[in-house]
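A.B. asks:
Residue numbers (the numbering used here): 59 to 922.
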């Protein structure tokens with residue numbers, strides 16, 4: 059004990075005797091902070107302290123320190139995870155803490171000291187994905203510095219600072235600012251703008267390589283967001299001039315934000331050497347030269363018609379491969395700019411440029427990966443296999459795009475004024491990362507290493523981000539992060555990709571769906587399923603396979619086959635768009651995991667007879683011959699490519715819930731009740747998953763009837779995306795084996811849901827209060843009771859179901875709690891008609907098929 063006491067005493071004396079600068083902070087991470095420290099070569103220490111914020115959500119922290127030549131000096135990732143998710147994660151620098159013991163406000167997340175020995179500008183970059191932490195940086199002596207909150211929110215860190223300074227770099231054209239209060243002045247003190255809280259202004263730049271001053275009328279209460287050029291706020295004009303907005307000016311005058319981009323600029327002319335990239339004319343080979351191979355397996359070849367290979371000639375003709383061009387390497391879109399004079403013909407404008415997306419090119423999606431796949435796909439149908447030129451072209455396209463990455467480590471125009479994570483997810487998952495995972499392992503080490511260095515900035519910046527409420531967006535990161543791990547070959551990023559996938563699965567609803575607007579969406583879930591399926595094919599991660607199984611199990615309960623084989627199902631529970639699971643966007647995992655998951659293979663057509671297969675084979679061969687004679691570009695090659703690569707005989711061993719042989723009553727985690735009886739199949743959505751009124755706000759757009767009576771005469775709705783969930787215990791679907799769906803509820807308007815609709819005297823419509831209903835299910839007795847209220851009215855309802863073998867009994871009881879006056883009160887039953895029913899659907903009551911009728915029953919029949 060004496061030794062311990064003595065050591066503590068010595069440390070305290072040492073600490074007390076050392077001079078320290080005033081701490082820089084507190085710095086809220088909302089979500090990012092970058093601190094630029096101007097060092098003169100005299101050694102200095104920087105202690106980085108990050109503490110948990112006031113909310114209970116544990117922070118996910120990424121901390122990095124870069125040397126003056128922007129090499130990584132320190133890296134740490136901190137996340138709270140359940141104990142079982144730590145398995146297999148062993149890479150140094152990842153600090154996993156037990157989610158069973160979450161941090162309390164003020165708890166330490168990081169306390170690390172780094173030495174700053176060299177002359178130049180060090181960068182300390184911190185990201186808090188949950189935006190629930192605060193940092194301080196304590197220097198052993200005062201240093202000039204600047205601070206950027208990147209694409210997030212700037213706020214006071216030192217209340218004594220009533221003026222701040224920012225350098226305006228070369229090529230800057232404007233600075234867009236949101237918030238205030240502040241007055242922005244130029245170097246001569248002339249007022250450029252008065253900033254007000256909540257308002258957005260764009261300040262044009264008339265002079266670059268100068269310093270602007272921000273006068274803060276409320277040094278304790280200002281807030282800003284900024285885009286247009288790197289805004290690094292400094293306490294002094296001298297510090298701003300020393301940091302120079304952290305830009306790099308290349309020998310040809312091009313301006314970039316990172317030193318790795320300088321190294322890319324040096325490498326690109328070598329990559330674009332004609333000996334490496336060839337010429338389009340010599341590389342292009344007509345696909346018809348491989349006609350025999352295409353016709354050898356014509357059914358699979360029809361999948362290839364919609365995949366990457368037909369795109370190769372297009373990209374070869376479009377790409378700029380001039381090593382001396384400002385646009386050299388750009389795959390497409392550069393043609394709109396290259397011949398324009400002055401700044402209009404450049405990509406290095408430090409701001410969003412209409413027509414460019416996530417780089418110095420347009421939104422070409424997976425175009426660069428198409429070239430890489432063509433070079434690597436060993437198949438007789440592919441005339442480009444083994445052409446290394448296509449790999450160099452793919453790398454050049456991607457590296458040129460990385461030249462545009464901003465100081466905030468996001469792409470201009472994608473997420474430069476708003477840190478919402480979903481926007482960068484699109485860019486990274488669709489365009490930036492897949493080509494890296496495919497091509498980088500097959501390129502020279504120096505190309506792979508530089509490419510990985512640049513992309514690591516993007517990965518580290520985005521990894522801590524929260525899963526967004528529109529989960530299809532976050533699902534892009536499954537593919538993006540694993541692609542980076544594969545492309546870099548770095549075990550550290552194998553572990554971070556695994557961690558993200560586990561966090562993704564942890565965010566899945568207990569019933570199986572991944573949320574859209576915090577509820578299920580049977581159409582948008584298709585994008586999520588597609589990314590999960592592609593990620594599984596990349597990683598063979600068994601946990602994601604089980605996640606997919608759970609999701610398909612849930613949504614398969616919402617559909618059933620029509621007598622003609624068409625799939626239909628209700629979607630009154632759709633929280634995002636008005637379509638059912640019969641129409642999964644991107645096609646979901648279908649065609650990608652047909653042979654892996656029976657729940658997916660179930661969606662394949664029935665196994666054809668030998669005669670039918672021969673007919674399909676012949677028809678596919680005719681399509682292929684027509685295509686090879688006159689090739690056309692596929693509409694969605696990125697979506698179609700995995701369906702070609704993983705084409706296989708489906709596992710058809712599963713059965714639709716509606717066709718299971720035995721009776722059942724299933725409660726899917728208090729969200730969906732599915733009932734199978736000998737005579738019918740019924741689905742009732744009983745949950746209310748939306749987190750708040752915000753996520754069901756579109757219901758206000760449906761208060762008044764649509765014009766032209768289209769809700770009654772079968773007209774086309776003006777916008778099916780203007781949908782809202784109609785929940786409260788009505789039927790989602792009612793299906794019988796011989797007829798198919800008779801009742802099929804939708805999310806388009808109150809007239810398309812099963813439930814009570816009240817019309818007020820002013821014509822506005824009201825229906826079940828989303829949050830006010832509850833249910834009681836007795837599976838053994840075969841009964842379900844749903845109780846609730848009509849929103850905004852003193853009207854309660856009780857809907858009682860009894861599930862007989864051959865009849866579904868529904869009793870509705872309405873109770874007015876006080877006197878009320880409504881224009882009408884209707885029990886709406888949405889029967890599927892028109893184009894939904896291949897054999898037609900005719901409704902009759904009291905001998906009438908239209909208008910008003912009085913009867914004890916309503917009959918629906920088809921043409922048979």
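Glycine is no exception: its CB is placed at the ideal position from the N, C-alpha and C atoms.
Computed from a predicted model, the values in this text were never measured in an experiment.
Nearest to residue 680 by alpha carbon, out of 354, 815 and 440?
C.D. replies: The candidate whose alpha carbon is nearest that of residue 680 is 354.
A.B. asks: May I ask which residues mark the beginning and end of the beta strand (DSSP E) holding residue 802?
C.D. replies: 798 to 802 is the span of the beta strand (DSSP E), which, as asked, contains residue 802.
A.B. asks: Along the chain, where does the beta strand (DSSP E) containing residue 323 start, and where does it finish?
C.D. replies: Here residue 323 belongs to no beta strand (DSSP E); instead the alpha helix (DSSP H) covers 317 to 329.
A.B. asks: DSSP beta-bridge partners for residue 794?
C.D. replies: DSSP output for residue 794 lists 798 as bridge partner(s).
A.B. asks: Alpha carbons only, please: which of 670, 714, 601 and 630 is nearest the one belonging to residue 657?
C.D. replies: It is 714 whose Cα lies nearest to the Cα of residue 657.
A.B. asks: Roughly how many whole angstroms lie between the Cα atoms of residue 822 and residue 405?
C.D. replies: One C-alpha to the other measures close to 51 Å.
A.B. asks: Where do the ends of the beta strand (DSSP E) carrying residue 845 lie?
C.D. replies: Here the beta strand (DSSP E) through residue 845 covers 841 to 847.
A.B. asks: Do residue 633 and residue 574 come within 7 Å of each other at the CB atom, strictly closer than that value?
C.D. replies: In this structure, residue 633 lies closer than 7 Å to residue 574 by Cβ.
A.B. asks: What does the alpha-carbon distance come out to for the pair residue 899 and residue 918?
C.D. replies: Rounded to the nearest angstrom, the two C-alpha atoms are 6 Å apart.
A.B. asks: Return the CA-CA distance between residue 127 and residue 474, expressed in angstroms with no decimal places.
C.D. replies: Approximately 24 Å, taken between the alpha carbons.
A.B. asks: Helix or strand or just coil, what does DSSP make of residue 703?
C.D. replies: Helix, per DSSP.
A.B. asks: Should residue 930 and residue 805 be called a contact, given that it needs their Cβ atoms to be closer than 7 Å?
C.D. replies: Here the chain has residues from 59 to 922 only, and residue 930 is not among them.
A.B. asks: Hey, which unbroken runs of the alpha helix (DSSP H) at 4 residues or more fall wholly within the segment 571 to 606?
C.D. replies: Complete alpha helix (DSSP H) runs here, min 4: 583 to 597.
A.B. asks: Which same chain residues end up closer than 7 Å to residue 640 when comparing Cβ atoms and leaving out the 5 residues on each side of it in sequence?
C.D. replies: These residues qualify, in order along the chain: 617, 625, 626 and 627.
A.B. asks: Could you tell me which of 401, 437 and 432 sits nearest to residue 350, measuring between CA atoms?
C.D. replies: The option with the nearest alpha carbon to residue 350 is 437.
A.B. asks: If you draw a straight line from the C-alpha of residue 301 to the C-alpha of residue 341, how long is it?
C.D. replies: Taking the straight line joining both Cα atoms gives about 46 Å.
A.B. asks: Identify which residue in 177, 615 and 590 has its Cα closest to the Cα of residue 723.
C.D. replies: Residue 723 has its Cα closest to that of 615, out of 177, 615 and 590.
A.B. asks: Does the distance from the CB of residue 659 to the CB of residue 708 come in under 7 Å?
C.D. replies: Taking 7 Å as the Cβ cut-off, residue 659 and residue 708 qualify as a contacting pair.
A.B. asks: Starting from residue 231 and walking both ways along the beta strand (DSSP E), at which residues does that stretch end?
C.D. replies: First-last for residue 231: undefined, no H or E at that position.
A.B. asks: To test your reading of the DSSP string, which unbroken beta strand (DSSP E) runs of 3 or more residues are found completely within the segment 190 to 257?
C.D. replies: Those beta strand (DSSP E) runs which fall completely within the segment 190 to 257 and span 3+ residues are 191 to 197, 203 to 206, 221 to 226, 232 to 238, 240 to 243 and 249 to 253.
A.B. asks: Straight-line CA distance for residue 811 to residue 920?
C.D. replies: Roughly 21 Å separates the two Cα atoms.
A.B. asks: Leaving out the 5 sequence neighbours to the left and right, which residues in its chain are closer than 7 Å to residue 914 when beta-carbon positions are compared?
C.D. replies: No residues qualify anywhere along the chain.
A.B. asks: Assign residue 757 to one of two classes, buried (16 or more other C-beta atoms within 10 Å of its C-beta) or exposed (fewer than that).
C.D. replies: Buried, since its Cβ has 16 or more Cβ neighbours within 10 Å.
A.B. asks: Return the residue from the list 865, 789 and 860 that minimises the CA-CA distance to residue 887.
C.D. replies: Checking every option, the nearest Cα to that of residue 887 belongs to 789.
A.B. asks: Looking at the structure shown, is residue 933 part of a helix, part of a strand, or coil, going by DSSP?
C.D. replies: Absent from the model: residue 933. The displayed extent of the chain is 59 to 922, so no value can be given.
A.B. asks: Please classify residue 192 as buried or exposed, where buried requires at least 16 other C-beta atoms within 10 Å of its C-beta.
C.D. replies: The residue in question, residue 192, is buried, as its Cβ has 16 or more Cβ neighbours within 10 Å.
A.B. asks: May I ask which residues mark the beginning and end of the beta strand (DSSP E) holding residue 180?
C.D. replies: 177 to 186 is the span of the beta strand (DSSP E), which, as asked, contains residue 180.
A.B. asks: Given a threshold of 16 other Cβ atoms within 10 Å of its Cβ, counted over all protein chains shown, does residue 246 qualify as buried or as exposed?
C.D. replies: Result: exposed.
A.B. asks: Does DSSP classify residue 897 as helix, strand or coil?
C.D. replies: In this structure, residue 897 counts as coil in the three-state DSSP scheme.
A.B. asks: Do you know offhand how far residue 206's Cα is from residue 315's?
C.D. replies: For residue 206 and residue 315, the distance between alpha carbons rounds to 13 Å.
A.B. asks: Is the distance from the Cβ of residue 418 to the Cβ of residue 388 below 7 Å?
C.D. replies: Cβ atoms of residue 418 and residue 388: closer than 7 Å.
A.B. asks: Return the CA-CA distance between residue 698 and residue 164, expressed in angstroms with no decimal places.
C.D. replies: Each residue's Cα considered, the two are about 49 Å apart.
A.B. asks: On the premise that residue 369 lies in contact with residue 428, defined as a C-beta separation below 8 Å, what is that separation, rounded to the nearest angstrom?
C.D. replies: Going by Cβ atoms, the distance from residue 428 to residue 369 rounds to 5 Å, so yes, they are a contact pair.
A.B. asks: Can you name, in chain order, every residue of its own chain whose Cβ lies under 8 Å from the Cβ of residue 762, other than the five neighbours on each side?
C.D. replies: For residue 762, where only same-chain residues beyond five positions count, the Cβ hits under 8 Å are 821, 822 and 823.
A.B. asks: Please report the distance separating the alpha-carbon of residue 106 from that of residue 239.
C.D. replies: One C-alpha to the other measures close to 30 Å.
A.B. asks: Using only the alpha-carbon positions, how far apart do residue 909 and residue 868 sit?
C.D. replies: C-alpha separation (whole angstroms): 24 Å.
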